[in-house]
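*Asks:* Once you've had a glance at the structure underneath, I'll fire off some questions.
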Amino acid sequence: MQQDQMERYMTKYLVYSLLWSMSGDSRIKVRQELGDFIRSITTIPMPPQANVAIIDFEVSTSGEWVAWQSKVPQVEVETHKVAAPDVVIPTIDTVRHESLLYTWLAEHKPLVLCGPPGSGKTMTLFSALRALPDMEVSVDFIQCSESIA
1 MQQDQMERYM TKYLVYSLLW SMSGDSRIKV RQELGDFIRS ITTIPMPPQA NVAIIDFEVS
61 TSGEWVAWQS KVPQVEVETH KVAAPDVVIP TIDTVRHESL LYTWLAEHKP LVLCGPPGSG
121 KTMTLFSALR ALPDMEVSVD FIQCSESIA
């Protein structure tokens, strides 16, 4: 990687990492507000669309902002398969979450997916694992409820 490309990548990736580390577990509104704040105080080039949240972009290895939306594949699902548990209809969130999962799984580090019932934890994990067929992982499911806490 050339020096100028590395600089473009690292400065933008710093913003990307800061945003995710400080608000990754927050609601989208909080992520957007933090992104707007970062956009207002930094001289680092931000995504060109000022009306689109920074959280809706990732940084390519060339150092450019790439919209997550551009990575969402168009799929056609047959009507009778829509309710099947193994069907994942890609959205910005599923693509973004799977990308994060790929990173964690590739590092062979333990991870915990938590969230309310029906939020897509299992679906997203299995979708990511299906995309990585050569990956060896150990999966444990622990069901918790408010009464346990």
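Residue numbering for the sequence shown is 1 to 149, as defined by the UniProt record's numbering. Quick reminder that beta carbons are idealized off the backbone N, C-alpha and C, glycines included.
Quick check on the DSSP output: what are the complete beta strand (DSSP E) runs of length 3 or more inside the segment 95 to 138, in order along the chain?
*Replies:* Taking only runs of at least 3 residues, no beta strand (DSSP E) segment lies wholly in the segment 95 to 138.
*Asks:* Taking Leu100 as the reference, which of Met6, Met10, Glu7 and Gly24 has the closest Cα?
*Replies:* Of the listed residues, the one whose Cα sits closest to Leu100 is Gly24.
*Asks:* Counting only C-beta atoms, is Leu100 closer than 9 Å to chain C at any point?
*Replies:* The structure shown contains no chain C; it is built from a single protein chain.
*Asks:* Please classify Gly115: is it buried, with 16 or more other beta-carbons within 10 angstroms of its beta-carbon, or exposed?
*Replies:* Answer is exposed; the Cβ neighbour count stays below 16.
*Asks:* Given a cut-off of 9 Å on the beta-carbon distance, is the pair Val95 and Val59 in contact?
*Replies:* No.
*Asks:* Note down the Cα distance separating residue 157 from His97, rounded to an integer number of angstroms.
*Replies:* Outside the shown range of the chain (1 to 149) lies residue 157, about which nothing can therefore be said.
*Asks:* Looking at the unbroken beta strand (DSSP E) that takes in Glu58, where does it start and where does it end?
*Replies:* Residues Phe57 to Val59.
*Asks:* Please go through the UniProt domain "Dynein heavy chain AAA 5 extension" (1 to 70) and give each complete beta strand (DSSP E) segment of 3 or more residues, from N-terminal end onward.
*Replies:* Counting only runs of 3 or more, we get 57 to 59 and 65 to 67.
*Asks:* Judging by CA-CA distance, which residue of Pro48, Glu33, Ala131 and Phe57 is the nearest neighbour of Tyr13?
*Replies:* Of Pro48, Glu33, Ala131 and Phe57, the residue nearest in Cα terms is Phe57.
*Asks:* Tell me which residues share the same chain as Tyr102 and place their Cβ nearer than 8 Å to its Cβ, disregarding the 5 neighbours each side in the sequence.
*Replies:* Only Ala128, Ala131 and Leu132 meet the Cβ criterion.
*Asks:* Within 10 angstroms of its Cβ, does Thr124 collect 16 or more other Cβ (buried), or is it exposed?
*Replies:* Per the 10 Å Cβ criterion, buried.
*Asks:* Excluding five sequence neighbours on each side, which residues of the same chain lie with their C-beta closer than 7 Å to the C-beta of Trp68?
*Replies:* Cβ neighbours of Trp68 beyond the five flanking positions: Asp56, Phe57, Glu58, Ile92, Val95 and Arg96.
*Asks:* Buried or exposed: which applies to Arg31, given that a residue is buried once 16 or more other Cβ atoms fall within 10 Å of its Cβ?
*Replies:* With 16 or more other Cβ atoms within 10 Å, it is buried.
*Asks:* What is the rounded straight-line gap between the Cα of Pro110 and the Cα of Val139?
*Replies:* Their Cα atoms are separated by approximately 10 Å.
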